Structures are given as structure tokens and as C-alpha cells.
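31 is the number of the first residue of the sequence shown in this note's numbering; add one for each residue after it.
Quick reminder that beta carbons are idealized off the backbone N, C-alpha and C, glycines included.
No experiment lies behind these values; they were computed from the predicted model shown.
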Amino acid sequence: MFGYGKLNSEGSLISATNQHDDFEELSNFEQDKDKKFYRYYKLEKVDGKYIPNIEKIEEEKVKSEQFLKQQKTERKANFNTKYPLGFTQSISDNLKEYTCPKCRDYEPTLDNIFGVHILKDMYCLRNNIDCIQCTANSSINEQIKMLKMLIEVVKYNAFNEVYKTLGSQTNIGTILMKKNQINDIYFEEMGIPKDANILDMNLTPSGNLFPLKLMSNNPRHMQEINNNIFSFFPSNIFKEIIPSEREDSLSISVQWILFEEDDISDINLLQAMDNYIDNKPLELIMNANRTLELLCNQICFKEFVKDNDSNKGKKSVEDFLVTGATYGHQLNHLLSLICKSNNLTPIEKELISKINWLRKLRNDIAHRGQIKDNRELTKKEKEEILAIAILGSSLMKYIYKKI
Numbered sequence: 031m032f033g034y035g036k037l038n039s040e041g042s043l044i045s046a047t048n049q050h051d052d053f054e055e056l057s058n059f060e061q062d063k064d065k066k067f068y069r070y071y072k073l074e075k076v077d078g079k080y081i082p083n084i085e086k087i088e089e090e091k092v093k094s095e096q097f098l099k100q101q102k103t104e105r106k107a108n109f110n111t112k113y114p115l116g117f118t119q120s121i122s123d124n125l126k127e128y129t130c131p132k133c134r135d136y137e138p139t140l141d142n143i144f145g146v147h148i149l150k151d152m153y154c155l156r157n158n159i160d161c162i163q164c165t166a167n168s169s170i171n172e173q174i175k176m177l178k179m180l181i182e183v184v185k186y187n188a189f190n191e192v193y194k195t196l197g198s199q200t201n202i203g204t205i206l207m208k209k210n211q212i213n214d215i216y217f218e219e220m221g222i223p224k225d226a227n228i229l230d231m232n233l234t235p236s237g238n239l240f241p242l243k244l245m246s247n248n249p250r251h252m253q254e255i256n257n258n259i260f261s262f263f264p265s266n267i268f269k270e271i272i273p274s275e276r277e278d279s280l281s282i283s284v285q286w287i288l289f290e291e292d293d294i295s296d297i298n299l300l301q302a303m304d305n306y307i308d309n310k311p312l313e314l315i316m317n318a319n320r321t322l323e324l325l326c327n328q329i330c331f332k333e334f335v336k337d338n339d340s341n342k343g344k345k346s347v348e349d350f351l352v353t354g355a356t357y358g359h360q361l362n363h364l365l366s367l368i369c370k371s372n373n374l375t376p377i378e379k380e381l382i383s384k385i386n387w388l389r390k391l392r393n394d395i396a397h398r399g400q401i402k403d404n405r406e407l408t409k410k411e412k413e414e415i416l417a418i419a420i421l422g423s424s425l426m427k428y429i430y431k432k433i
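Structure follows, in C-alpha cells:
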């Protein structure tokens, strides 16, 4: 007869439950108010006392591991070797051959799939990658023209390509679906790093089976994508409607990104893209504005500590930017002066005006909890906000790296 007890870190018995005949998971940990960790053990009653039966624990542990290993093998989906597997084209490919919009006469390039060539221009601008022909980037001198083109790209946003501004990559594969059981797809087998952020997925089934997404007992978590594995249950819900003789396969494309550094402005832009795609306008405004405000502050800080990078000097600059020259002053006055003193093309007044519009929307939400007059953003305004955030942040990153 066995029971369950709780031992402290020194191995002394804290408490014991009633006896049970069944066996439960042994590796559960709980944390008490004093931050001390305890482990649940299977206990055997000997001479009226409960003691851990180590042999039974190890035996059940081995059985549990074997069961999980067998289950993993049975559920694991196998990739079809007849189809390509792994990496597809990335926006960061062939950057040594990059040509800016003006040098290619604003004509489409090989990257012109759903406007990706414009997103590549933004990627190169924010990463200071120059054109091989003019050794610059004409996007700097055609800011409003680029903004209009970006708005169109954001408007259609096929396959959520806007993520490519940040250097996202897409990997593909095709699996043979296993009937009447859960199927697991391991992203690592597609060449995706374990610590990558999964941004988007596209599933294309063929045959009679259709993938149904699994969810927990709380449906609100259904949209979360695990960074390492994707699970689904194939169903033949369309068999009677459109019967097929083709094999039951599933093609999958996964868009992902791996941030090498914790760039808060990039993370905020990524969140703004998420908000746009998920139609969360208030969050879109906050994250888009935060992206630009962070970068503007970083530019001013970097410029003003050039001549005094001591701890005292840095503290003085920080205080000045927080209490004196706040974001509005930085954006409308200091930014252009910094560009002028470093012989850089400033952000055009029309674009600054649009960034100010975004800043005021943010202030409405921060101070009132809603946009002025409690109105809702139009679809066109949402598209423009994300385009402003993409272009504005790309220009600011360019300026930051040049000063």
C-alpha cells in the first residue's frame, strides 16, 4: 500500500496524505510562501511510518519515460521526401547585390512577391545596407513616395509579409497525415531554431483529411503557437463534399524570426505588426508610437553624450530628455538639428507631421483610455499607422547608426 507525501529539501517528511492505490506524476514541484521547494514522493508505510520507496519511484519513472517516448514516436508526423523541406527565400538573401528603389527605376525585382521588394528596402535602410550602384539608399530622399508604397503593401499584406521588414524567414515542408490520431510537427526538422519566434503559419491540405487545431479547456489560448511543435487532429469532414483520390498530405510554411539582441524598438514594431494583423487598433497605436519614441530618445541620448560619456554626464542627459526635452520636443526640434550637425538627410516635415498625429492618438489613449470623441480607426488609418511605424523606425535606425 502506498501513499503520497511531501518532503522538504533536507528530506524530512512535512505531511502525508491518505493511502492510494493509483500512481501519479512524481516530478511535480510546489513552492510555499517561504520560497522553499518541495517534491511529492510516493511513500510506503513501514512500521507505521511513511518512507520514500526509491525503487518504486525509479521503476514508475522509467515506465513513464518509455510511454512518453512511444507516444512521441507514434504522434510524430513524417515529412514527405518527394517535396522540398526546409529553408526558402529570405529577405536577407543576396544583400551584396541590393539595389535601392531609384537605381532600379522603381521597377519590380525578383523580390516583388506581394511587395516584398519595398520591405527589403526598409530592411536594408534600418540595417545600413547600401545600394551596390549608388552606395546609398534612395529611400531617404523619397520618404513620402516610399510611405505611399508601404501603405499599399500593408493594405494587402499577403501571407503577413510585413514581418519581413525585421528580417523574418520562411521554411516549408510537406507531411503525410496520420489518420485517427494526433499529429505533431516538429519545427526543428524544418530547420527552424528552437529559440525562434514563430510569427505566422500557412497550412494547405490535400486529399480527404483536414487539420483541426487542438485547444485546451480554455479556448482563449487556442491562437497561441508553440515555438517548437504544432499539433493537430486530421478529420475527413470534407470527404462527402469533395472526395479526393490524392494522398492525405499537408503542406506547411512557417514564418519565423530570431532576434540576436533584445532590441526593444524592434520588439515593439513586431508587436505593432501583430496588433495590425489581429485587428487590435488601440494596441497598434501604443506599440507603433512606442517604437518611434524609443528610437528618437536613443538618437538624442547618443548625440548628447558624445562629448561627455561619464556616468554623471549620462545621468544629466537622461534627466534632460525625461524632464526637459520630452518626446514631442525631440521629434519636432532636436531630431532635425542632430541630422543637420551630422550632415544627414532629416526626416521630412510631412512624415514628422504624420508621426505627430500618431503621437497625439497615443496621448488620447493614455490620458482618456480611448481615441478622442470615442471614434474608431478606419481601415485606411490602421494601414497608415503601421506604414508610418515601419518607415519612421527604419529612418531613425539609419540615423542612429550614422551619428
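- The beta carbons of residue 204 and residue 113 sit about 4 Å from each other, so the pair counts as a contact at 8 Å.
- In the three-state scheme derived from DSSP, where H, G and I count as helix and E and B as strand, residue 335 is classed as coil.
- For residue 376, the secondary structure class from DSSP, reduced to helix, strand or coil, is coil.
- In the DSSP assignment, residue 149 falls within the unbroken alpha helix (DSSP H) covering 146 to 156.
- Around residue 155, the same chain offers 167, 169, 170, 424, 425, 427 and 428 as residues with beta carbons nearer than 8 Å, after the five sequence neighbours per side are excluded.
- If you draw a straight line from the Cα of residue 99 to the Cα of residue 212, it is about 15 Å long.
- Inter-residue distance for residue 223 and residue 338 is about 41 Å (C-alpha atoms, whole angstroms).
- Taking the C-beta atoms as reference points, residue 218 is found nearer than 8 Å to residue 258.
- Taking the CA atoms as reference points, residue 202 sits about 51 Å from residue 346.
- Judged by beta-carbon spacing, residue 392 lies beyond the 8 Å limit of residue 329, meaning their Cβ atoms are not closer than that value.
- According to DSSP, residue pairing for residue 285 in a beta bridge involves 200 and 230.
- With a contact defined as Cβ atoms closer than 8 Å, residue 149 and residue 88 miss out at about 55 Å.
- Cβ neighbours of residue 226 within its own chain (closer than 8 Å, five residues either side excluded): 217, 257, 286, 287 and 288.
- Just so you know, the alpha carbons of residue 152 and residue 210 end up roughly 46 Å apart.
- The closest CA to that of residue 198, considering only 278, 380 and 120, is found on 120.
- Exclusion of the five residues before and after residue 260 leaves 215 as the residues of its chain whose Cβ lies within less than 6 Å of its Cβ.
- Our two residues, residue 278 and residue 234, have alpha carbons roughly 11 Å apart in a direct line.
- The alpha-carbon separation between residue 352 and residue 221 amounts to approximately 44 Å.
- Each residue's CA atom was taken as its position, placing residue 281 and residue 237 some 11 Å apart.
- For residue 296, the enclosing alpha helix (DSSP H) has its first and last residue at 294 to 307.
- When the alpha-carbon of residue 147 is set against those of 326, 419 and 194, the nearest one is in 194.
- The region 120 to 137 makes no contact with the region 399 to 412; the number of CB pairs closer than 8 Å stays below 3.
- Annotation for residue 410: no beta strand (DSSP E) segment contains it, though the alpha helix (DSSP H) segment containing it runs 409 to 432.
- Under the DSSP definition of a beta bridge, residue 263 partners with 242.
- If you draw a straight line from the Cα of residue 179 to the Cα of residue 249, it comes to about 38 Å.
- DSSP places residue 116 within a strand segment (E or B) once states are collapsed to three.
- In the three-state reduction of the DSSP assignment, residue 403 falls in the helix class.
- By the 16-neighbour rule on beta-carbons within 10 angstroms, residue 300 is buried.
- Taking a 10 Å sphere around the C-beta of residue 295, we find 16 or more other C-beta atoms and assign the residue as buried.
- Scanning 318, 174, 323 and 158 for the CA closest to the CA of residue 360 turns up 323.
- Judged by their CB atoms, residue 421 and residue 173 are nearer to each other than the 8 Å cut-off.
- If you draw a 10 Å sphere on the C-beta of residue 398, you find fewer than 16 other C-beta atoms in it, and that means exposed.
- Inclusion of residue 381 and residue 177 in the CB contact set at 8 Å is warranted, their separation being smaller than that value.
- Note on residue 284: 16 or more other CB atoms within 10 angstroms of its CB, so buried under the neighbour-count rule.
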